[in-house]
Amino acid sequence: MPTAAPLLECRRIGKRFGGVTALEQVDFSLSGGEVHGVVGSNGAGKSTLMKILAGVLPDHDGSVLLDGRPVDLSTPQAAMAQGIAMVYQELSGIGQLSVAENLFLGRQPTGRFGRIDWRTMRQKAREHLGELKIDVDVTRRLDGYPLVIRQMVEIARGIHSGARVLILDEPTSALSPLETRRLFDLIRRLRDRGVAVVFISHFIEDVLEICDRVTILRDGRRLETTDAARLEKHHVIRAMLGRELGQTEQGYEQGTTLPPRTAEPPVLAARDLGLPGRFSEVGLEVSPGECLGLYGFAGAGHQEIVQTLAGFLRPKHGRVLLDGQPLKPGSTHDAVRKGVVLVAADRAESLFMRTEVYKNVTLAHLRRNVGEWLTSGKEIAASRPMLSRVECRPAEPRMQTGNLSGGNQQKIVIARWLLGPVRVLLLDEPTRGMDVSAKSEVMRLVAELKDQGTAVVLSSCEPEMLLAHADRILLVSRGRIARQFVGGQVDKTELMRYA
Amino acid sequence: MNTRMKTTWPRLLKLPGRFEARDIAPLVTLALLIVFFSFAGTNFLGPATLTLVLQQGAVLGIVSVGLTYVLLCAEIDLSVGMMALWGAASCGWLFENWALGTGGEGTASAGMIALVILVPLLSCLALGLLTGVLTVWSRLPSFIISLAMMFIAEGLAKYLTQSQMQSLPSLVKSIGNDGIKSENVLHWMYSVSGVDLPGLFHSMGIDMSRFWEGYKLPFSAMLAVVIFLVAHLVLQHTRFGRYVYMTGGNRQSARLAGVRTGWIVIACLAICAVTAGLGGIINAGRMTHITLDQNKDLLLSAVACVVLGGTSLFGGEGGIGKTVIGVLTFTVLNVGLIRINWIDDLARQLLLGTVLMAALVINGLLAKER
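Protein sequences, first through last, are from chains R and F. All residue numbers for the first sequence refer to my numbering, where the first residue is 1 and numbers rise by one. All residue numbers for the second sequence refer to my numbering, where the first residue is 1001 and numbers rise by one.
Structure representation (structure tokens):
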């Protein structure tokens, strides 16, 4: 139960990036022993607020107080020294090192002459992880463990170095339900020890389940802070968006009826595709105007299948055929030229964050849209119509791409592909880390393309996404196509049962 | 309470347009060096110095152009020094053993001379392509492959020439050494327009001969400027140039966008080898003969110039303009130290290194201010 005086207090926090206001006059308080959820739409300011707390953005308005005293958050080290630890959406932790080494990163116990005392380190690691009921072999390499364990070790590291405030940024977005349970157990244990936990997530259900209080941000302002027990999912979504969710978006909770298999001949086919260690014997087809869904838990191999279809990965066996003709394996150039394009999960992998938006948009189809002689004027002119077509906000071609929010960045990727032929649109977790409204905007674009005859392959580990958008669903489990769902009733439980 | 970050001194500099402190830093360094040497050195601002700076700078600049392309794609080519040597050695060898025959230079036709220059450049192209293909195919770092190529090129040069001094076509010597003389310009102006500038000033009682006599615009510098222009335009305004920046900026993103990053890397390494060979030939022309100890320091000097100018070693940022400033800075530093008579050669080396380190550090610090 939360203690009386707030442990962490933020007063009138504000942050601008150039002309864009990310946060305005936000007050936020956190008590020890409390799990506090932070939800909000794209660009609402959640990540910005947390980055300020973590010491990544020192140049801001307003003040932050810890135990009633102002703190120095000018660098991440300063924040950590104050006891604020952040565990990011994109994991850190060094895979090649053991669990114990990761736990003691930078703080290894030393013996004589500064030599690392391995035995003490392992012993203490076992103790600490045992207290937190994290059951691992501390001598094994970190990358030998699944994602949830890596996350928990990261959290344990923060706690062990004395963190009293733990900030979790989208912790469950890549976790299966079972793994989410384990994570929640750990969070509850931490709460009982008096740690204050900030839980940022787009998964409203998770937030309402684990959090004591929830703060809703919208457009850089704090809208309300309420006890989780008194909140309902619909209310939260409405507050985040400022409007009621469409009927269609709500409906997929229960399940859906898939249409019968289309009669159109397939445009893209995979025959006996295999990549050792990732997937094997994969055969699939997709027709124009059809959306083929690939569902699986994280690590099932569906991501790699989509990347191979796009030419990003080179398969060991099998072929990918477009209109019956094989695509050059491992060649994104061949695929892009012929209209087989990929929207990747990690925006940082698709885009050049330190370059201007217009350069990112024009890159794939320069000759077609700008010609041989490039000038910024021509490129900006070529990119503007696409920016408005995908409704990128702000639609400023000269902006640094890294300054856009995640949803808008994904729209830039789509805008890039729209400048050329799009016969097959491959999507790999396209809306990861995006909130409800940005998700629906991006998927609306996808639906438009589908209606215009593009074949869509959608790979995701979110059942709702596939139920809402796919015409046919292939279940991928441990690198193999386990099952196909077509023309009939299917719901979340069905999907998850066979995964 | 406001927690605004303390402003560091570059932020106090409000510059027009899109320029930031880090863009200006190399220019400031250059200006400071020029000012310093004009006081500390003897006769620094005179025609001899200028000519030397332009000639040395031309060679270094041409090599640095290729290296800029390579660094922009986040690779490196350690073989530039030896590739320059190979270019010069093969040129000399072809000249002596094929073009000259028994007759002496008069018997060599213009076509033969052209081949004597072109064939070495083509061989450099081939070696550069090899470096590129091996780098991409083996997935080993270009550092390793180009290191091996460095030894290969040196070995080839030594083997071919059997460690003997070679001579060169006079065309090459002329490019390396000669240039447009200021006196010739004044004569030409007089013969074309009838305007006699020196006479004009003389009649007013002003003696301007110090300002326009003895100056020479070296042909090598003119060639270098043409190469700079072409290289710059390609980088900024062609698709190839854009692909180079993207390949270096983020290899994975470039691939996802359909850029054939493998070919881009190969092309850049090939370009680098050719510019290195060309630089070597011109440098040999300047020395009028080819000896095997030339171009020893070329690799590190060229890398220093490119980095000094502001191109990132990690790829994706930088350009020809920046490299030119880096080349000028380095050359001014080098030549300036020669002009300071009261330092001996050993101390000169030390000073060069120290000033270079200081300049790199300062530029690096400023580059971090975003």
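No residue lacks a Cβ here, since even glycine has one placed at the ideal position from N, Cα and C.
#1: Could you tell me which whole beta strand (DSSP E) segments of length 3 or greater appear in the segment 95 to 135 of chain R?
#2: Find the residues of chain R that neighbour residue 1238 of chain F, judging by a C-beta separation of less than 8 Å, and give them in chain order.
#3: What separation, rounded to the nearest whole angstrom, lies between the Cα atoms of residue 1303 of chain F and residue 1067 of chain F?
#4: Identify which residue in R/364, R/214, R/85 has its Cα closest to the Cα of residue 332 of chain R.
#5: For residue 1253 of chain F, return the contacting residues in chain R, with the cut-off set at a CB-CB distance below 7 Å.
#6: Among R/69, R/19, R/161, R/93, which has the Cα closest to the Cα of residue 77 of chain R?
#7: Let me confirm a value: residue 295 of chain R is counted as buried when at least 16 other C-beta atoms fall within 10 Å, else exposed. Which label applies?
#8: If you follow the beta strand (DSSP E) that residue 1218 of chain F is in, where does it begin and where does it stop?
#9: How many angstroms separate the CA atom of residue 471 of chain R from the CA atom of residue 338 of chain R?
#10: Examine chain F for any beta-carbon lying closer than 9 Å to the beta-carbon of residue 302 of chain R, and answer yes or no.
#11: Under 8 Å between beta-carbons, which chain R residues line up against residue 1249 of chain F? List them in chain order, please.
#12: Classify residue 1245 of chain F as helix, strand or coil using the three-state DSSP reduction.
#13: Using the Cα positions of residue 1191 of chain F and residue 1216 of chain F, report the straight-line distance between them to the nearest angstrom.
#14: Against chain F, does residue 366 of chain R count as a neighbour if the rule is that its beta carbon must be under 9 Å from one of theirs?
#15: Select from the segment 314 to 338 of chain R all residues with a C-beta closer than 9 Å to any C-beta belonging to chain F, and list them in chain order.
#16: What is the DSSP secondary structure of residue 1340 of chain F, reduced to helix, strand or coil?
#17: Using 8 Å as the Cβ pair cut-off and three pairs as the minimum, do the segment 319 to 327 of chain R and the segment 480 to 499 of chain R touch?
#18: Measuring alpha carbon to alpha carbon, tell me which of R/483, R/450, R/44, R/16 ends up nearest residue 215 of chain R.
#19: Is residue 38 of chain R closer than 9 Å to residue 184 of chain R when the C-beta atoms are compared?
#20: State the DSSP-derived secondary structure class of residue 202 of chain R, mapped to helix, strand or coil.
#21: Between which two residues does the alpha helix (DSSP H) harbouring residue 1110 of chain F extend?
#22: What do you reckon, are the CB atoms on residue 447 of chain R and residue 407 of chain R nearer than 9 Å?
#23: Just the C-alpha distance for residue 48 of chain R and residue 142 of chain R, rounded to the nearest angstrom, thanks.
#24: Give the single residue among F/1086, F/1033, F/1227, F/1196 whose Cα lies nearest to the Cα of residue 1163 of chain F.
#25: Could you check if residue 1141 of chain F is buried or exposed, using at least 16 other CB atoms within 10 Å of its CB as the buried criterion?
#26: Do you know how far the Cα of residue 139 of chain R is from the Cα of residue 118 of chain R?
#27: Exposed or buried, which one is residue 1143 of chain F when buried takes at least 16 other CB atoms within 10 Å?
#28: Taking the beta strand (DSSP E) that residue 215 of chain R belongs to, which residues open and close that run?
#29: Buried or exposed: where does residue 1195 of chain F fall if 16 or more other Cβ atoms within 10 Å of its Cβ makes it buried?
#30: Buried or exposed for residue 169 of chain R, going by 16 or more other Cβ atoms inside 10 Å?
#31: Can you tell me whether residue 17 of chain R is helix, strand or coil according to DSSP?
#32: Beta carbon of residue 263 of chain R, beta carbon of residue 476 of chain R: below 9 Å?
#33: If we define contact as Cβ-Cβ less than 9 Å, is residue 1317 of chain F a contact residue for chain R?
#34: Would you report the Cα separation of residue 340 of chain R and residue 220 of chain R, rounded to the nearest angstrom?
#35: Residues in the same chain with beta-carbon distance under 6 Å from residue 429 of chain R, minus the five sequence neighbours each way, listed in chain order, please.
Looking at the atomic coordinates:
#1: Annotation note: the segment 95 to 135 of chain R contains no uninterrupted beta strand (DSSP E) run of length 3 or greater.
#2: 372, 373, 374
#3: 7 Å
#4: Considering only alpha carbons, the answer is R/364.
#5: Ordered by position in chain R, the residues that pass the 7 Å Cβ test against residue 1253 of chain F are 349, 350, 351, 352.
#6: The option with the nearest alpha carbon to residue 77 of chain R is R/161.
#7: With 16 or more Cβ atoms within 10 Å of its Cβ, residue 295 of chain R is classed as buried.
#8: In the DSSP annotation of this structure, the continuous segment of the beta strand (DSSP E) that includes residue 1218 of chain F starts and ends at 1216 to 1218.
#9: 24 Å
#10: no
#11: 352, 354, 355
#12: helix
#13: 19 Å
#14: yes
#15: 331, 332, 333, 334, 335, 336, 337
#16: coil
#17: no
#18: R/44
#19: No, these two residues do not count as a Cβ contact at 9 Å.
#20: coil
#21: Note, residue 1110 of chain F: alpha helix (DSSP H), 1110 to 1138.
#22: Not in contact: residue 447 of chain R and residue 407 of chain R (Cβ atoms no closer than 9 Å).
#23: Each residue's alpha carbon lies about 29 Å from the other.
#24: Residue F/1086 is the option with its Cα nearest to residue 1163 of chain F.
#25: exposed
#26: So the two alpha carbons sit approximately 10 Å from each other.
#27: exposed
#28: Residue 215 of chain R -> beta strand (DSSP E) spans 213 to 218.
#29: By the neighbour-count rule (16 or more Cβ atoms within 10 Å), residue 1195 of chain F is not buried but exposed.
#30: buried
#31: strand
#32: no
#33: yes
#34: 37 Å
#35: 345, 460
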